[in-house]
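Working notes for the structure below.
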Amino acid sequence: MTLVIFLVRRLAGAALVLLGVSLATFLVAHTTGDPVTLLVPANATEAARAALRAHFGLDQSWPVQYGLFILHALGGDLGTSFVYRQPVLDLVLNRLGATFELAFVAFAIALVLGVGLGMLAALKRGTAVDACVTAFTMVGLAVPPFWLGLILVIVFAVRLQLFPVSGADTALSVVLPAVTLSLQSTARIARLLRSAMIEVLQADYMRTARAMGLLRSRVLWVHGFRNALIPLVTMAGLELGDLISSAVVIEAIFAWPGIGRLAIGAVEQRDFPLLQGSVLVAAVCFITVNLVVDWLYTRIDPRVVLR
Amino acid sequence: MIEAPRLDRRRFSQGAAALAALMALPRGAAAADGKPVVIASEEDVSTLDPHLIRNNHPIGSVIWSVFDSLVRRNPDGTHEPRLALSWEQAEPTRWRFKLRPNVKFQNGEAFNADAVVFNFNRMNVSPYNAESQLWPGTNLTKVVAVDPMTVDLVTSEPTINMLYWLEEAFIGAPKYMADTAPDVVGAHPIGSGPYGFVSWKQGDRVTLTANPNYWNGAPPIKDVVFRDIPELSSRLNELKAGSVDIVVGVTPDTAAEAKSNNSRVVSTNGLRKMHMGISFTGLDVLKDKRVRQALNHAVDVPTMIETLQGGMTKPLASLVNPPNNDPGLKPFVYDPDKAKALLKEAGHEGFELPVAYGRYPGAKEVSEAVASYLEAVGLKPKLEAYETGRFEEMLKQKAFKGIYYYGWASLINPSVELVILTSDAVDNSAGYNNPDYDKLVKTASVTLDEPKRAALLKQAEDFIWDECPWIYLWYLPAIFGLSNRLDYQVRPDDYIEIYRAKLTG
Chain E
134 MTLVIFLVRR LAGAALVLLG VSLATFLVAH TTGDPVTLLV PANATEAARA ALRAHFGLDQ
194 SWPVQYGLFI LHALGGDLGT SFVYRQPVLD LVLNRLGATF ELAFVAFAIA LVLGVGLGML
254 AALKRGTAVD ACVTAFTMVG LAVPPFWLGL ILVIVFAVRL QLFPVSGADT ALSVVLPAVT
314 LSLQSTARIA RLLRSAMIEV LQADYMRTAR AMGLLRSRVL WVHGFRNALI PLVTMAGLEL
374 GDLISSAVVI EAIFAWPGIG RLAIGAVEQR DFPLLQGSVL VAAVCFITVN LVVDWLYTRI
434 DPRVVLR
Chain Z
-2 MIEAPRLDRR RFSQGAAALA ALMALPRGAA AADGKPVVIA SEEDVSTLDP HLIRNNHPIG
58 SVIWSVFDSL VRRNPDGTHE PRLALSWEQA EPTRWRFKLR PNVKFQNGEA FNADAVVFNF
118 NRMNVSPYNA ESQLWPGTNL TKVVAVDPMT VDLVTSEPTI NMLYWLEEAF IGAPKYMADT
178 APDVVGAHPI GSGPYGFVSW KQGDRVTLTA NPNYWNGAPP IKDVVFRDIP ELSSRLNELK
238 AGSVDIVVGV TPDTAAEAKS NNSRVVSTNG LRKMHMGISF TGLDVLKDKR VRQALNHAVD
298 VPTMIETLQG GMTKPLASLV NPPNNDPGLK PFVYDPDKAK ALLKEAGHEG FELPVAYGRY
358 PGAKEVSEAV ASYLEAVGLK PKLEAYETGR FEEMLKQKAF KGIYYYGWAS LINPSVELVI
418 LTSDAVDNSA GYNNPDYDKL VKTASVTLDE PKRAALLKQA EDFIWDECPW IYLWYLPAIF
478 GLSNRLDYQV RPDDYIEIYR AKLTG
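Taken in order, these protein sequences are the chains called E and Z.
Numbered by this note's numbering, the letters in the first sequence go through residues 134 to 440 in order.
Numbered by this note's numbering, the letters in the second sequence go through residues -2 to 502 in order.
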């Protein structure tokens, strides 16, 4: 029951957020200027330009345009792209899949590697292993992803020919971009988990658990790790959002057909419906991730109550 | 058609052995001879509607492969009959085209006069008429099917450039276009060209396959893929790895990287005329011809070509592209003393001059170099950077006050090239306005007698060169990376005519 109330509250909040996001996007987009100028050749006649503006509905007042956009959006129609002349929803969903795939693979890599390294460093605190992990996380945070991407391509794609250079052609295509994308998150998660685990390991309940003679692994994972999870989940939620947004740069380097490149193109070409659509869909994603993170808290820590 | 499922996840779960096998076999290696020819470009294909062509490449290159027009432009500007067999200007305002018989569209529809009428009429209605230039370009008023294999194009005034505009008036399967939703037509093109459409994964690739029923026989290369790879370094890496055959948009400073064991670099002068436009609607001093000539003498174009363009192009020598240009015209000589003398004579020394730049790779570097040359003759240049959309609007509104870095299109037609500086041309971004020049160009455009027209155009060409509406720079070099397995002659106008390419060996 609490879950239902929680969901209703949060969904109402989400609707307000989406409305705000769509209005802001609409206003920012429309202040950039006339999309028709960028679309047609310089020698297009004024009559043809006016007809095209009318075709796109740009001849109507802003409130009417925005109202129609919301009305259609409620019915699942995000309009037609000025540039692609395709339904925006199709375009966005088509590309969103690719971005999700990249972001989730990178997320999985970051979680597995980050948690592993963080645990290792915390358990071997003060040793050479700890120093190595710390050094790795420093380098990981400092290396610009686009640079790393180029180096990985030159070594693994051009020289060794183990992976494709770019594109999304085969199952192997995702490896290099995902590794590139995951590095910073891996480093951040490892650092966070290391410090969280060090704190937990010194806690009284851990000593008690050890004193009770429980298995070392049980002490570590059930009593220790679970308590270090709360900051990790918060962080991981943020990381996932961050991965989706940093995917934009990586998508360009690896010619990955994701939504980032679509949205940037929409900005450059003043493709209002496409811009509004991609921002809206991105907002939905972030809201969903936050919702899931909040719900996860309750599964990890029974003291947390959903409201 | 847009492919939905993309990845075969099962491959991952088949264990290390399968993965190792996959790694040992890079993409496409399974069929070495059947490996498609891959063309990589910076820009994405936005729509494949034949009447919404926004750039020569990549959209134009795909459209030229899937569709045919009545005539096609050869790299030297002459015309090759395609869906038209022959033509004549029956009357000054009536062009008659005999059509190629027994041509079928890729969906089996027959090509005939009605198909031409349908397509041309479609280009004249919104939203296609804003992007398709056939009707305004030719003063076309009516398209008439005289008999199934004859079409008349009726114009309101005598038109000399009919063939020029027909080059990009593509003809698609009429019934299909009429009966299908516009977004589907734009995503799944059906024409009568040398290649048929296979699939399009947006933001990634368009795949075509040779049309076995093409009227001129199937092209030599069977499978072709147009890929969108926005980063130049990634395109070059693909070329080195052997997974791409043509890289479009190589820059002078990266040309050396296109050379590898697998590939070579090829370049031509290009047809896009790079220049600093000089505003006639801004500073008054720029209305003095001596000042404009001084600006041209002040800038060392050959040195800029060596340093900024890798020596891969030539200085502009006319506003008319080769091979139609007047060979008597020569680039302005770099002579700062003469520039200073001209400025002094005009009585305009040391004025402040805005130097604007926006689009084009290397625009900032070129503008800075020009500014420093102008500073050397005592002017006070002021650099201004613009966002692409804003730059376009400034051009359209003729709002620049000083000079601006710009490139005029890849055309091979003297009258179309010269018309942009007439006072009522919508794309006359400099606002150049000279009644004598207008008269020359206008008279030429209605003079049907060829030698007479050529003489008028030459007169206009020489006149405008001396007028210096631009600081003349160079032809934008067209540089490509080509894989060694490909035999292909690049064109200076950006189009990739893949149906003319062959595999070596």
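Just so you know, even glycine gets a beta-carbon here, dropped at the ideal spot from N, CA and C.
Alpha-carbon to alpha-carbon, residue j and residue i
i, j, result
"Ala93(E)", "Lys393(Z)", "Given that chain E is displayed from residue 134 to residue 440, the structure contains no residue 93(E) and the question cannot be resolved."
"Gln130(Z)", "Ala396(Z)", "25 Å"
"Ala422(Z)", "Pro249(Z)", "33 Å"
"Thr44(Z)", "Glu128(Z)", "12 Å"
"Ala147(E)", "Phe139(E)", "12 Å"
"Gly307(Z)", "Ser378(E)", "37 Å"
"Glu234(E)", "Gly391(E)", "9 Å"
"Val381(E)", "Leu314(E)", "10 Å"
"Thr270(E)", "Tyr430(E)", "26 Å"
"Ile433(E)", "Ser318(E)", "22 Å"
"Leu483(Z)", "Thr303(E)", "24 Å"
"Thr278(Z)", "Asn425(Z)", "11 Å"
"Phe358(E)", "Pro435(E)", "15 Å"
"Leu408(Z)", "Ile468(Z)", "19 Å"
"Glu40(Z)", "Leu395(E)", "12 Å"
"Tyr354(Z)", "Ile493(Z)", "28 Å"
"Leu19(Z)", "Arg292(E)", "Low confidence applies here, because Leu19(Z) scores a pLDDT of 40, under 50, leaving its location unreliable; read the following figure in that light. Cα to Cα, Leu19(Z) sits roughly 17 Å from Arg292(E)."
"Ala254(E)", "Arg324(E)", "9 Å"
"Cys265(E)", "Ala301(E)", "34 Å"
"Val35(Z)", "Gly502(Z)", "18 Å"
"Thr440(Z)", "Ser364(Z)", "36 Å"
"Tyr199(E)", "Ile495(Z)", "45 Å"
"Met345(E)", "Leu274(E)", "40 Å"
"Leu244(E)", "Val355(E)", "18 Å"
"Thr538(Z)", "Leu371(Z)", "Because residue 538(Z) is not part of the residues shown, which for chain Z are -2 to 502, the question remains open."
Spatial neighbours of residue i in its chain, beta-carbon cut-off 6 Å, leaving aside the 5 residues before and after
i, result
"Met391(Z)", "Phe397"
"Val374(Z)", "Ala295, Pro333, Ala336, Lys337"
"Leu340(Z)", "Ala291, Glu346"
"Leu309(E)", "Leu285, Phe296"
"Phe117(Z)", "Val140"
"Tyr211(Z)", "Pro191"
Cutoff 7 Å; reference residue i; Cβ partners in own chain excluding five residues on either side
i, result
"Ala215(Z)", "Ala207, Asn208, Pro209"
"Leu22(Z)", "At Leu22(Z) the pLDDT is 41, less than 50, meaning the model places this residue with poor confidence and gives no usable figure here."
"Pro171(E)", "Here residue 171(E) turns out to be Leu, not Pro, going by the sequence shown. For Leu171(E), where only same-chain residues beyond five positions count, the Cβ hits under 7 Å are Gln402, Arg403."
"Met252(E)", "Leu326, Met330"
"Ile251(Z)", "In the sequence on display, residue 251(Z) carries Thr and not Ile. Answer for Thr251(Z): Leu229, Leu233, listed in chain order."
"Val244(Z)", "Ala37, Arg232, Leu233, Leu236, Ala255, Phe477, Gly478"
"Pro406(E)", "Leu211, Gly212, Thr213, Ser214, Phe215, Val221"
"Arg461(E)", "Residue numbering for chain E in the displayed model covers 134 to 440; residue 461(E) lies beyond these limits and cannot be assessed."
"Asp5(Z)", "Bear in mind that a pLDDT of 39 at Asp5(Z), under 50, signals an unreliable position, so the number given afterwards is only what the model happens to contain. Excluding sequence neighbours, Asp5(Z) sits near nothing in its chain."
Cβ-based neighbour list, residue i, same chain, cut-off 8 Å, excluding 5 preceding and 5 following
i, result
"Val426(E)", "Val366, Thr367, Ala369, Gly370"
"Ala170(Z)", "Phe102, Gln103, Asn104, Glu106, Ala112, Ile187, Gly188, Ser189"
"Thr152(Z)", "Thr90, Arg91, Trp92, Thr135, Asn136, Leu137, Thr138, Met159"
"Ile417(Z)", "Trp405, Asp424, Asn425"
"Tyr383(Z)", "Ala353, Tyr354, Gly355, Met391"
(request) Note down, in chain order, all residues in the stretch 104 to 130 of chain Z with a beta-carbon under 7 Å from any beta-carbon belonging to chain E. (result) Of all residues in the stretch 104 to 130 of chain Z, Ser123, Pro124, Asn126, Ala127, Glu128, Gln130 have a Cβ within less than 7 Å of some Cβ in chain E.
(request) Mind checking the stretch 382 to 397 of chain Z against chain E and listing, in chain order, the residues whose C-beta falls within less than 8 Å of any C-beta there? (result) Of all residues in the stretch 382 to 397 of chain Z, Thr385, Gly386, Arg387, Glu389, Glu390, Leu392, Lys393 have a Cβ within less than 8 Å of some Cβ in chain E.
(message) For the stretch 288 to 298 of chain Z against the stretch 317 to 335 of chain Z, do three or more pairs of beta-carbon atoms, one drawn from each stretch, fall closer than 8 Å, so that the two count as touching?
(response) Segments in contact, yes.
(message) Any C-beta of chain Z within less than 7 Å: which residues of the stretch 288 to 301 of chain E qualify?
(response) When C-beta distances to chain Z are compared with 7 Å, the residues of the stretch 288 to 301 of chain E below that value are Ala290, Val291, Gln294, Leu295, Pro297, Val298, Ser299, Gly300, Ala301, in chain order.
(request) With 7 Å as the limit, tell me which residues of the stretch 129 to 147 of chain Z have their beta carbon closer than that to any beta carbon of chain E; keep them in chain order. (result) Listed by position along the chain: Gln130, Pro133.
(request) Quick one: which residues of the stretch 229 to 257 of chain Z get their C-beta closer than 7 Å to a C-beta of chain E? List them in chain order. (result) Here the close residues are Ser230, Ser231, Asn234, Glu235, Lys237, Ala238, Ser240.
(message) Does the contact criterion of 3 or more C-beta pairs under 8 Å hold for the stretch 380 to 390 of chain E versus the stretch 272 to 287 of chain E?
(response) Three or more Cβ pairs closer than 8 Å define a contact, and the stretch 380 to 390 of chain E meets that threshold against the stretch 272 to 287 of chain E.
(request) Quick one: which residues of the stretch 179 to 209 of chain E get their C-beta closer than 7 Å to a C-beta of chain Z? List them in chain order. (result) So the list reads Ala181, Arg182, Ala184, Leu185, His188, given in the order they occur along the chain.
(request) Take every Cβ of the stretch 261 to 278 of chain Z, pair it with every Cβ of the stretch 442 to 459 of chain Z, and state whether three or more of those distances are shorter than 8 Å. (result) Contact between the stretch 261 to 278 of chain Z and the stretch 442 to 459 of chain Z is absent: fewer than three C-beta pairs spanning the two stretches fall below 8 Å.
(message) Restricting to runs no shorter than 3 residues, where is the beta strand (DSSP E) found entirely within the stretch 235 to 302 of chain E?
(response) Counting only runs of at least 3 residues, the stretch 235 to 302 of chain E fully encloses no beta strand (DSSP E) element at all.
(request) Pull out every residue of the stretch 388 to 412 of chain E whose Cβ sits closer than 7 Å to any Cβ of chain Z, in chain order. (result) Going along the stretch 388 to 412 of chain E in chain order, one finds Ala388, Pro390, Arg394, Leu395, Gly398, Glu401, Arg403 with a Cβ nearer than 7 Å to chain Z.
(message) Report the start-end ranges of each alpha helix (DSSP H) in the stretch 83 to 151 of chain Z that is 4 residues or longer and not cut off at the edges.
(response) Counting whole runs of 4 or more residues, the stretch 83 to 151 of chain Z contains the alpha helix (DSSP H) stretches 110 to 119, 131 to 135.
(request) Output, in sequence order along the chain, the residues in the stretch 172 to 186 of chain Z whose CB is closer than 7 Å to any CB in chain E. (result) Using a CB distance below 7 Å, the part of the stretch 172 to 186 of chain Z facing chain E consists of Pro179, Asp180, Gly183, Ala184, ordered along the chain.
(request) Taking only runs that begin and end inside the stretch 375 to 412 of chain Z, name each unbroken alpha helix (DSSP H) of 4 or more residues, in chain order. (result) Along the stretch 375 to 412 of chain Z, the alpha helix (DSSP H) occurs as fully enclosed runs of 4 or more residues at 385 to 393, listed in sequence order.
(message) Quick check for students: name the residue ranges of the alpha helix (DSSP H) that lie wholly in the stretch 407 to 471 of chain Z, counting only runs of 4 or more.
(response) Runs of the alpha helix (DSSP H) inside the stretch 407 to 471 of chain Z: 411 to 416, 432 to 442, 447 to 464.
(message) Suppose only complete runs of 4+ residues qualify. What are the alpha helix (DSSP H) ranges in the stretch 167 to 212 of chain Z, listed by chain order?
(response) Here the runs fully enclosed are 171 to 176, 179 to 184.
(message) Which complete alpha helix (DSSP H) runs does the stretch 301 to 341 of chain E hold, if anything under 4 residues is left out?
(response) List check, alpha helix (DSSP H) in window: 308 to 334.
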